[in-house]
Structures are given as structure tokens and as C-alpha cells.
Amino acid sequence: LVEGYSPIATGRLLDNEEIQQIADRYDASIPQVSIRYLLQKGILPLPKSVHEAYIIDNAKVDFEISDEDMTRLEQIDA
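What follows is the structure, encoded as C-alpha cells:
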């Protein structure tokens, strides 16, 4: 079992335009795409928040990222 601590790179990914473009395609947020990406890689993400709205949003990852977008995400230097 591999765990992914801080799946949004302590907030550094939130301003990434390329990830935002991918998120827009899935009607998702950057944190949701980051969490989904890790799940598809077989990594257990450990998102953290004290805000109820963010906790609820972090669980809304019932979509699949295409192979093309997974490759794009893998190439991003976070």
C-alpha cells in the first residue's frame, strides 16, 4: 500500500493552468483531479482539510481521467 501525502503539493498545484484545463474537461477542481490521478495510479491519497465543504468536494472523484490526460499529468513538474 502506497499513501500519497498532500495530493495537491501543499497548494502548489492550485495555480497550474495545465491542470486547470484538465480539471475543466471533467467539470472538477484541481484537488479532485489530483486525488483521482493518484487513485488511478494505485496510490491512496490522504487529502487534509478542516473545512467541511472541501472535505465533501475531495470525495467527489467518481470520474475517470483519460490515458492522454494521465500522461499529461505525469509530465507536469510539481
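Be aware that the sequence shown starts at 279, since it is given in the working numbering, and climbs by one per residue. The beta-carbon is built from N, C-alpha and C at its ideal position, and this holds for glycine as well.
Worksheet item: Skipping 5 residues on each side, what residues in its chain have a beta carbon closer than 8 Å to that of A301?
Response: Looking up residue 301 in the sequence shown gives position 23. Contacts found: S307, I308, Q310, V311.
Worksheet item: Buried or exposed: I313, going by 16 or more other Cβ atoms within 10 Å of its Cβ?
Response: Within the sequence shown, residue 313 is the residue found at index 35, counting from 1. Under this definition I313 is a buried residue.
Worksheet entry | DSSP state of D305 mapped onto helix, strand, coil | Within the sequence shown, the letter at position 27 stands for residue 305. Coil.
Practice prompt. Can you tell me the Cβ-Cβ gap for Y315 and L351, rounded? I've got them flagged as a contact below 8 Å.
Written response: In the sequence shown, residue 315 corresponds to position 37, counting from 1. In the sequence shown, residue 351 corresponds to position 73, counting from 1. Yes, Y315 and L351 are in contact; Cβ-Cβ is about 5 Å, under 8 Å.
Worksheet item: Can you give the beta carbon distance from M348 to Q299, rounded, assuming they're within the 8 Å contact cut?
Response: The residue given as residue 348 occupies position 70 in the sequence shown. The residue given as residue 299 occupies position 21 in the sequence shown. Actually they are not in contact, since the Cβ atoms of M348 and Q299 sit about 14 Å apart, beyond 8 Å.
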